[in-house]
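Q: Count along the first sequence from 1, then add 5; that gives the number in the numbering used here.
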Amino acid sequence: MDLTTLLADLGSPAPAGLVDRVLASTGPADSWVLVDGPAGPLMVAFSDHGISYVLAGADDAELSQQVRARLDRGVRRVQTPPAGLVPALRTGRTRQLRFDLRGRTPFEQEVLAAALRIPRGEVRSYAWVAAAIGRPGAVRAVGSALGRNPVPVVIPCHRVVRSDGQVGDYVWGSELKRTILTAEGLDVEEVERLGAAGVVYTGSDTTHIFCVPTCRDARRTTPAHTVRFRSAAAATAAGYRPCLHCEPIPTAA
DNA sequence: CTGACAGTAGGCC
DNA sequence: GGCCTACTGTCAG
Numbered sequence: 006m007d008l009t010t011l012l013a014d015l016g017s018p019a020p021a022g023l024v025d026r027v028l029a030s031t032g033p034a035d036s037w038v039l040v041d042g043p044a045g046p047l048m049v050a051f052s053d054h055g056i057s058y059v060l061a062g063a064d065d066a067e068l069s070q071q072v073r074a075r076l077d078r079g080v081r082r083v084q085t086p087p088a089g090l091v092p093a094l095r096t097g098r099t100r101q102l103r104f105d106l107r108g109r110t111p112f113e114q115e116v117l118a119a120a121l122r123i124p125r126g127e128v129r130s131y132a133w134v135a136a137a138i139g140r141p142g143a144v145r146a147v148g149s150a151l152g153r154n155p156v157p158v159v160i161p162c163h164r165v166v167r168s169d170g171q172v173g174d175y176v177w178g179s180e181l182k183r184t185i186l187t188a189e190g191l192d193v194e195e196v197e198r199l200g201a202a203g204v205v206y207t208g209s210d211t212t213h214i215f216c217v218p219t220c221r222d223a224r225r226t227t228p229a230h231t232v233r234f235r236s237a238a239a240a241t242a243a244g245y246r247p248c249l250h251c252e253p254i255p256t257a258a
């Protein structure tokens, strides 16, 4: 039984803020800071283990409610962000960030780690993520795992789109997904348009590449935008080359 | 145990 | 070309 239920069972609703004060004094509590995100303010909660929860906006009551529901912990506001967070949001370099993903399944942690490798201003497909973690058939499960990402934006699940170029769904709604991608410098409409036209490199043998349609290298090395390749070998034979920004993903042994 | 879900590819018309 | 379906991991009912 969680604390909220316990207090409710005492016969009267808990006064506003009581649960947080009790948790902060007797139970586990994370810190949280208000920072600027790519598309508005972000509330970022963190523990000794790392960043644990992210919510868009500045409604601290909403944040404490969600952290309580999903992490069973309280939160208290602090002024000092965890090391590396602000520069990471500014530059996109998340390498030195630490995350508190306790409670996530191993599968979910693998999916989130793969999403973390997608550079800012680029996108990859759900199939790319599935191949990257060695489970090419788990495309749908990848979507579900990303949908439960406790730290959106910081772990960029918004950079995972459908293989046909459509942006797909998002924890905070597909409109916000588009807004964030646009703020990161991606031409979302062009991704959709070229994706629909088949500008996707998909390898069934040794590589699996979703070429960012707006990537300059991809454009420069691609003589036409209307050809879909079933394999990297076929693309090479036709004089196409994969985008330099898109690292090949080895298929699972 | 079933069904639902941020998806995809292959088979069949 | 378009429709149908099996497939994956997790969770709610």
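Where is the CB? At the ideal position from N, CA and C, for every residue including glycine.
#1: Going by alpha carbons, who is nearest to I138 out of V38, L117, R183, M48?
#2: List the residues that DSSP assigns as beta-bridge partners of I56.
#3: Check for me: the alpha helix (DSSP H) holding S179 runs from which residue to which?
#4: Counting only the same chain and skipping the five closest in sequence on each side, list residues whose C-beta sits under 8 Å from that of I123.
#5: Could you work out which residue in I56, D77, R183 is closest to A93 when comparing CA atoms only?
#6: Look at the alpha carbon of A88 and the alpha carbon of L102, and state the distance between them as a whole number of angstroms.
#7: Check the DSSP bridge columns for R129 and list the partner residues they point to.
#8: Going by DSSP, which residues form a beta bridge with R82?
#9: Considering only residues of the same chain and omitting the five flanking positions on each side of S52, which have a CB-CB separation below 6 Å?
#10: To the nearest angstrom, report how far apart T85 and G142 are at their CA atoms.
#11: Could you tell me how far apart the beta carbons of A61 and L76 are, in whole angstroms, since I believe they sit closer than 8 Å?
#12: Mapping the DSSP letters down to three states, classify G3 as helix, strand or coil.
#13: Could you tell me the distance, in whole angstroms, from the CA atom of G42 to the CA atom of T96?
#14: Does DSSP put A61 in a helix, in a strand, or in coil?
#15: R109 by DSSP, collapsed to three states: which one?
#16: Do the segment 67 to 74 and the segment 172 to 181 meet, that is, are 3 or more Cβ pairs less than 8 Å apart?
#17: Quick check: the Cα distance between A74 and L191, rounded to an integer number of angstroms?
#18: Nearest-angstrom Cα distance between D169 and E195?
#19: If you drop the 5 nearest sequence neighbours on each side, which residues of the same chain put their C-beta closer than 7 Å to that of V144?
#20: Is the beta carbon of Y58 sitting closer than 8 Å to the one on V156?
#21: Identify which residue in A188, E197, A120, R153 has its Cα closest to the Cα of R109.
#22: Using C-beta distances below 8 Å, list every residue in its chain close to H54, excluding the 5 sequence neighbours before and after it, in chain order.
#23: Look at the alpha carbon of W37 and the alpha carbon of R82, and state the distance between them as a whole number of angstroms.
#24: Taking only the alpha-carbon atoms, compute the straight-line gap between L121 and E189 and give it to the nearest angstrom.
#25: Among the candidates P33, T99, R167, whose CA atom is the shortest distance from the CA of R125?
#26: Ignore the nearest five residues each way along the sequence and tell me which others in A44's own chain have a CB closer than 6 Å to its CB.
A: For this structure:
#1: L117
#2: F51, F104
#3: 179 to 188
#4: R129, P161, R164, V165
#5: I56
#6: 7 Å
#7: V165
#8: W37
#9: D35, D105
#10: 42 Å
#11: No, A61 and L76 are not in contact; Cβ-Cβ is about 17 Å, not under 8 Å.
#12: What is shown of the chain runs 6 to 258, which leaves residue 3 out entirely.
#13: 11 Å
#14: strand
#15: coil
#16: no
#17: 34 Å
#18: 12 Å
#19: Y131, A132, A135
#20: yes
#21: R153
#22: R103, F104, D105, R107
#23: 5 Å
#24: 15 Å
#25: T99
#26: T184, I185, A188
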